[in-house]
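As structure tokens, the structure follows; a few thoughts come after it.
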Amino acid sequence: MSEPVRPNPVGSPFSRRSLLRTGGGLVATTALLGAGAVFATPASAAMPVSKRFDLTEPSYDEFRSKILHESHHVMQGFAFDNQNVRIFIVNARNGGTGDDLCVTQVNFSGEILGSMHLNNAGHGVSIGVEPVGTDSYIWMECDSNGPTGDGRGTALARFKFVNGGTPSVKKFLTGSDTITCATDPINKRIAVRRKENGKMFISVYPLASAAAGDFGSPLAHFAQPALSDKTVTFQGYTIYGQYLYTLDGNGHENPADIDSYVTCIDMNTGKVKSRALTKAGKSLVYREPEGLGIYRSLAGETRLYLGFGSRSSMGNINRYANLFYKNVLID
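Heads up: the sequence shown at position 18 corresponds to 17 in numbering that gives the first Met the number 0, and the numbers run straight through without jumps.
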């Protein structure tokens with residue numbers, strides 16, 4: 000389940016119900032976090048020059064066909080705690096309202112290590128992780144706009160992952176429209192994607208500043224560019240260095256119909272740098288693109304991970320998580 004994105008304006012809402020909803024909108028946000036809670040004007044950027052992933056290179060398997068804690072819903076976003084070598088994947092709760100979400104921790108074989116629930120949270124299109132010592136703090140949307148909206152988050156939540164625990168949530172940027180985030184675990188930054196005046200914008204901050212509630216000085220702030228000259232289904236994003244990566248496409252029963260694309264966007268210009276079709280996991284049954292993430296292996300290899308949902312057969316209620324990665328960096 001994902002988000003249709005039309006060429007112009009780029010972006011489309013994606014929220015769900017209210018996780019621990021607090022009102023107040025941007026006025027309350029500004030009062031809580033200071034005037035910097037309102038995003039800066041478009042087209043500002045100060046991202047250090049970096050290499051980018053070659054999207055035309057092959058993708059490699061990490062794991063296939065793994066069931067998450069909530070087995071009846073397709074995986075959505077995922078992220079890595081690079082410091083503590085952990086993977087977290089979000090999807091909807093079995094029997095929930097659709098915007099009740101579950102975060103599952105898995106290892107690199109896809110085996111479940113723990114889980115945590117956040118009700119009325121949103122869609123889960125993208126999440127982030129912040130390591131603090133041996134703990135992992137999850138960043139994700141919350142306060143879904145519920146049945147009167149489209150089930151998309153209206154604020155960011157930050158909470159410590161505790162297997163089976165009840166999250167103690169700290170909220171940021173309340174009153175937003177269709178807000179999500181993604182983290183760069185190598186450079187310790189967080190990207191915030193949300194609607195501003197009807198268009199989707201990306202803002203990037205030092206992760207430590209965001210955790211302290213400082214959203215006043217983005218390293219980059221730009222409108223998400225059109226990903227294609229056609230309407231696409233937005234399925235996730237992540238950042239590494241100066242580049243934003245997005246995933247779009249639909250679920251398909253027939254591998255011949257695969258339309259999943261990865262796009263690289265230079266955050267210093269706000270323009271598309273490269274775009275390529277990916278057929279990673281093409282043999283999966285009803286393969287649907289779901290999320291992107293960054294990880295640096297213990298051997299020092301930096302990887303761009305691609306997520307895909309699947310089934311064992313078209314009639315099976317269970318949904319499976321699958322991760323693949325690209326590992327070639329170019330100037």
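All C-beta atoms, glycine included, are put in the ideal place defined by N, C-alpha and C. As the structure is a prediction and not an experimental result, all values here were calculated from the model.
Requested in this report: Along the alpha helix (DSSP H) that carries S208, what are the first and last residues, could you check?
Outcome: L206 to A210
Query raised in the report: Apart from the five residues just before and just after N186, which ones in its own chain have a Cβ nearer than 7 angstroms to its Cβ?
Result: Cβ within range, chain order: G240.
Report task. Would you identify the three-state DSSP class for P130, choosing helix, strand or coil? Result -> Three-state DSSP puts P130 in a strand.
Query raised in the report: Between A34 and the rest of its own chain, which residues show a CB-CB distance below 6 angstroms, the 5 nearest in sequence each way excluded?
Result: Because the pLDDT of A34 is 30, which lies under 50, any placement of that residue in the model is unreliable, and the number read from its coordinates should be weighed accordingly. Scanning its chain for C-beta atoms nearer than 6 angstroms, with the 5 sequence neighbours on each side dropped, one finds no residue around A34.
Query raised in the report: Which residues in the same chain as N267 place their Cβ atom closer than 6 angstroms to its Cβ, once the five residues preceding and following it in sequence are excluded?
Result: A44, M46 and Q241
Query - Closest by C-alpha distance to L340, when choosing among D80, K194, F107 and F214 - result: This structure leaves residue 340 out entirely; the chain is present only between 0 and 330.
**Report entry** Span of the beta strand (DSSP E) around R188
**Finding:** Per DSSP, R188 is one residue of the beta strand (DSSP E) stretching across R188 to E195.
Report task. Pick out whichever of R85, Q75, N83 and D80 has its Cα sitting closest to the Cα of A97. Result -> Per the sequence shown, residue 97 should be read as Gly rather than Ala. Nearest option by C-alpha distance: Q75.
Report task. Can you give me the start and stop residues for the beta strand (DSSP E) that V102 sits inside? Result -> Its beta strand (DSSP E) spans residues L100 to V105.
Query raised in the report: Using the beta-carbon count (16 or more within 10 Å), is D330 buried or exposed?
Result: Counting the other Cβ atoms within 10 Å of the Cβ of D330 gives fewer than 16, which makes it exposed.
Query raised in the report: Candidates K50, C141, A156 and H251: which alpha carbon is nearest G150's?
Result: C141
Query raised in the report: If you check the beta carbons only, do M139 and A154 fall under 8 angstroms apart?
Result: Judged by beta-carbon spacing, A154 lies beyond the 8 angstroms limit of M139, meaning their Cβ atoms are not closer than that value.
Requested in this report: Take the Cβ of V58 as the centre, count every other Cβ of all protein chains shown within 10 Å, and call the residue buried at 16 or more, exposed below.
Outcome: According to the sequence as given, residue 58 is Ser; it is not Val. Buried, because 16 or more other Cβ atoms sit within 10 Å of the Cβ of S58.
Query raised in the report: From what residue to what residue does the beta strand (DSSP E) around N382 run?
Result: A query on residue 382 cannot be resolved here, the shown segment of the chain reaching from 0 to 330 and no further.
Query raised in the report: When burial is assigned at 16 or more other CB atoms within 10 Å of the CB, is I88 buried or exposed?
Result: buried
Report task. Could you pull out every residue in the same chain whose Cβ sits closer than 8 angstroms to the Cβ of K270, ignoring the five residues on either side in sequence? Result -> Excluding residues within five positions, the ones whose Cβ falls inside 8 angstroms are P224 and I264.
Query raised in the report: Under the three-state reduction of DSSP, which class applies to A225: helix, strand or coil?
Result: coil
**Report entry** CB-CB length for L206 against T182, believed under 8 angstroms
**Finding:** 6 angstroms
Requested in this report: Tell me, to the nearest whole angstrom, how far the beta carbon of V102 is from that of F160; I am working on the premise that it is less than 8 angstroms.
Outcome: 7 angstroms
Query raised in the report: Using the rule of at least 16 other Cβ atoms within 10 Å of the residue's Cβ for burial, across every protein chain shown, is V73 buried or exposed?
Result: V73 comes out buried.
Query raised in the report: Can you tell me whether DSSP reads G145 as helix, strand or coil?
Result: helix
Query raised in the report: Out of V327, Y304, G314 and I316, which has the shortest C-alpha to C-alpha gap to R63?
Result: Y304
Requested in this report: Quick one: residues in its chain with C-beta nearer than 8 angstroms to the C-beta of V284, no 5 flanking neighbours on either side, listed in chain order?
Outcome: E252, S309, R310, S311, S312 and M313
Query raised in the report: Between I201 and L246, which are expected to be in contact by the criterion C-beta below 8 angstroms, what is the C-beta distance as a whole number of angstroms?
Result: Not confirmed; about 14 angstroms, so no contact.
Requested in this report: Please name the residue or residues paired with N162 in a DSSP beta bridge.
Outcome: Partner(s): none; N162 has no beta bridge.
Query raised in the report: So V124 packs on T179, CB below 8 angstroms; how close in whole Å?
Result: 5 angstroms
Query raised in the report: What do you reckon, are the CB atoms on H68 and S114 nearer than 8 angstroms?
Result: Judged by beta-carbon spacing, S114 lies within the 8 angstroms limit of H68, meaning their Cβ atoms are closer than that value.
Requested in this report: Report the partner residues of Y285 according to the DSSP bridge assignment.
Outcome: In DSSP, Y285 forms no bridge with anything.
Report task. List the endpoints of the continuous beta strand (DSSP E) containing G123. Result -> Careful: G123 lies outside any beta strand (DSSP E) and carries neither H nor E.
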